[in-house]
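*Asks:*
Number of protein chains: 2
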Amino acid sequence: MPKVEIESGMNIAPDISNPRLTRKVTGVDQNGETQEIAVIEERPLTIFLNRQEIVTAMTIGDYPEYLALGFLRNQRMLSEADEILGVDYDEELETVVVRTAIETNYEEKLTKKTRTSGCAVGTVFGDIMEGLDAVKLPQITVQTSWLYELSKKINTTPSLYLEAGAVHATVLCQGDKPLVYMEDVGRHNAVDKISGWMLSQGQDANDKILYTTGRLTSEMVIKTALMGIPVLVSRSGFTAWGVELANQVGLTLIGRMKGKRFTCLSGSDRLIWDHQEGEEG
Amino acid sequence: MPKVEIESGMNIAPDISNPRLTRKVTGVDQNGETQEIAVIEERPLTIFLNRQEIVTAMTIGDYPEYLALGFLRNQRMLSEADEILGVDYDEELETVVVRTAIETNYEEKLTKKTRTSGCAVGTVFGDIMEGLDAVKLPQITVQTSWLYELSKKINTTPSLYLEAGAVHATVLCQGDKPLVYMEDVGRHNAVDKISGWMLSQGQDANDKILYTTGRLTSEMVIKTALMGIPVLVSRSGFTAWGVELANQVGLTLIGRMKGKRFTCLSGSDRLIWDHQEGEEG
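Protein chains in written order, with the working numbering: chain B, 6 to 286; chain H, 6 to 286.
#1: Could you check how far apart the C-beta atoms of residue 199 of chain B and residue 183 of chain B are, in whole angstroms? I think they sit under 8 Å.
#2: If you follow the alpha helix (DSSP H) that residue 69 of chain B is part of, which residue opens it and which one closes it?
#3: Can we say the segment 13 to 33 of chain B touches the segment 180 to 195 of chain B, given the rule of at least three CB pairs closer than 8 Å?
#4: Nearest to residue 171 of chain B by alpha carbon, out of B:213, B:63, B:85, B:216?
#5: Per DSSP, residue 104 of chain B forms a beta bridge with which residues?
#6: My parser needs the alpha helix (DSSP H) runs of 4 or more residues fully inside the segment 131 to 181 of chain B; what are they?
#7: Check whether the Cβ atoms of residue 258 of chain B and residue 136 of chain B sit closer than 8 Å, and answer yes or no.
#8: Residue 264 of chain B and residue 70 of chain B look like a contact to me (Cβ under 8 Å); what is the Cβ gap, rounded to whole Å?
#9: Should residue 143 of chain H go down as buried or exposed, given a rule of 16 or more other Cβ atoms within 10 Å for buried?
#10: Does residue 208 of chain B have its Cβ less than 8 Å from a Cβ in chain H?
#11: List, in order along the chain, the chain H residues whose C-beta lies closer than 7 Å to that of residue 45 of chain B?
#12: Are residue 21 of chain B and residue 168 of chain B closer than 8 Å when you measure CB to CB?
#13: Give me the Cβ distance between residue 34 of chain H and residue 148 of chain H, rounded to the nearest whole Å; I'm assuming they're in contact under 8 Å.
#14: If you draw a straight line from the C-alpha of residue 271 of chain H to the C-alpha of residue 104 of chain H, how long is it?
#15: Count the CB pairs spanning the segment 237 to 246 of chain H and the segment 215 to 224 of chain H that are closer than 8 Å, and state whether there are at least three.
#16: Mind listing the chain B neighbours of residue 28 of chain H? Cutoff is C-beta to C-beta under 7 Å, in chain order.
#17: Tell me which residues of the segment 144 to 172 of chain B have at least one Cβ-Cβ distance to chain H shorter than 8 Å, keeping chain order.
#18: At 9 Å on the CB atoms, spell out the chain B contacts of residue 266 of chain H, in chain order.
#19: Give the residues of chain B in contact with residue 25 of chain H, contact being defined as C-beta atoms less than 7 Å apart.
#20: For residue 91 of chain B, collect the residues of the same chain with a Cβ closer than 6 Å to its Cβ; drop the 5 residues on either side in sequence, then sort them by chain order.
#21: Roughly how many angstroms lie between the CA atoms of residue 177 of chain H and residue 196 of chain H, to the nearest whole one?
#22: Using 8 Å as the threshold, is the C-beta distance between residue 30 of chain H and residue 251 of chain B below it?
#23: So residue 220 of chain B contacts chain H; which residues on that side make the cut at Cβ distance below 7 Å?
#24: Which runs of the alpha helix (DSSP H) at least 4 residues long sit entirely within the segment 176 to 215 of chain H? Give them in chain order.
#25: In whole angstroms, give me the CA-to-CA distance for residue 203 of chain H and residue 193 of chain B.
#26: To the nearest angstrom, report how far apart residue 78 of chain B and residue 205 of chain B are at their CA atoms.
#27: So who's on the other strand from residue 43 of chain B, going by DSSP bridges?
#28: Grab me the residues of residue 60 of chain H's own chain with a C-beta within less than 8 Å of its C-beta, minus the 5 sequence neighbours each way, in chain order.
#29: Taking the C-alpha atoms as reference points, what is the distance between residue 173 of chain B and residue 191 of chain B?
#30: When the cut-off is 8 Å and only beta carbons count, does residue 238 of chain B lie next to chain H?
#31: Between residue 290 of chain B and residue 45 of chain B, which are expected to be in contact by the criterion C-beta below 8 Å, what is the C-beta distance as a whole number of angstroms?
#32: What are the boundary residues of the beta strand (DSSP E) that includes residue 99 of chain B?
#33: Is the CB of residue 63 of chain H under 8 Å away from at least one CB in chain B?
#34: Using DSSP with H/G/I as helix, E/B as strand and the rest coil, what is residue 5 of chain H?
#35: In chain order, what residues of the same chain have a beta carbon less than 7 Å from the beta carbon of residue 254 of chain B, not counting five sequence neighbours either side?
#36: Between residue 72 of chain H and chain B, is any beta-carbon pair separated by less than 8 Å?
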């Protein structure tokens, strides 16, 4: 796996100069005039766990190893106990294989699932919900000044979104510092890449904040909670079930974070109001 | 299935007064002041095809019958040849069962898939791509004045998005008229509900335009093409593969439709430039 490089103060920042991630396409604009615009690449990546093919994800294609690791971890197909022997990416075959010391019983589980609850499409929801009851997130405080600072830094970082649009971002943060800034055509891929990075770096989740451009749905709340991250921030809105689950697991949930405004629908008693009105945000 | 009612000039418009679709939640705003906001509901709906459980989708919960029908059709689990005997929704159990005259071989196929290509998560991509080679979309012309008119009508229609945020919309249109305006927490659900409506009403796809608030990814292009709709319009951006596939199947693809601006990356030779500059858009 590639060693982490420090870039623009972050451990990982968007790599807008990577020619594999965007493509120039010619079309016409509203006046019928020829226009060349950058569009985002989207390619299939098939993830294997040992000999078992698990899924083909549509992704921009950076950090396939982190995506595979994070996906399998977030789907509970890899447990903390699993010893990972290697993660092998084959660019030509568009596959990534995660090898573990002991093969999991996932193949058996998969066959059972097909019969009992259907697994053709969508997420293996039962399995994801399974771990949630046991989750007790640390009750860390969050300074409101961090939120404004993070929002500003994230929105002004040169990104694939600003370059070509059609991607979601997820940023792993600590205090007022963005650490790892991932983008992808799938908003869940961006989170999974963060999860894979944390797993491979042995990062502690307890003092982290997760920022996403996506909506605060039940799936996003569950994923963040299972990753052990106690704070989730978004510029987008909420679903009712997302709010319910956040309150249940003690996740601080902040949405509609735009300019000087935000809404906190879970954990507002853990906010520290150190941002003065009139300050630049 | 409920009979279609004409409302605000559309066959189906967003029902913002439906108390099942949004909920008031109390939180705090950026100044620490108590704030009550409307958030969108998100509930599980488990779709059965005859005796086979297929998937649990997260949905706002309106039009479960259309969602189930459209989902199964768009996933190629229902073919045009299948005679549908009934669609039974059980609100309490949060299930919907689609019954066909002859049980499909989907159960067998599902078991096979598990062994050969893994079906745990994500879409059954192979199956979806399968039908695409045979698709020949009708080469209909599109007046640019329609695009501005549709965009204006859709954006000014009272909607769950304006009410509570966190939903995507998909609107089935004909010429400059929006016919069916669906919203959902899942952008694919909104398309599937349109598909289910078309199927149950025996609607012809050849003269229709599909408008979506979501991005123009490969999945969205494939889905539109397989539904037989020749024009796809979005306020969001493109992926490179989405553009490639649109050109391949002859789908007119218009994105970044905002105010007076848009970008056409496939089928621009079928546009008729009847919108005069300076006209109100």
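We put the CB at the ideal spot given by N, CA and C, even for glycine.
*Replies:* Based on what the coordinates show:
#1: Not really, about 11 Å apart at Cβ, beyond 8 Å.
#2: 69 to 79
#3: yes
#4: B:63
#5: B:91
#6: 149 to 161, 165 to 169
#7: no
#8: About 37 Å separates the two Cβ atoms, so there is no contact after all.
#9: exposed
#10: no
#11: 244, 245
#12: yes
#13: Not confirmed; about 44 Å, so no contact.
#14: 38 Å
#15: yes
#16: 245
#17: 149, 169, 170, 171
#18: 34, 35
#19: Within chain B, no residue comes near residue 25 of chain H; the closest Cβ sits about 11 Å away, beyond 7 Å.
#20: 104
#21: 9 Å
#22: no
#23: 171
#24: 192 to 206
#25: 30 Å
#26: 11 Å
#27: B:29
#28: 51, 52, 76
#29: 7 Å
#30: no
#31: As shown, chain B starts at 6 and ends at 286. That puts residue 290 of chain B outside it, with no answer to give.
#32: Note, residue 99 of chain B: premise wrong, no beta strand (DSSP E); not H, not E.
#33: yes
#34: Since the first residue shown for chain H is 6 and the last is 286, residue 5 of chain H is missing from the structure and cannot be characterised.
#35: 137, 140, 142, 230
#36: no
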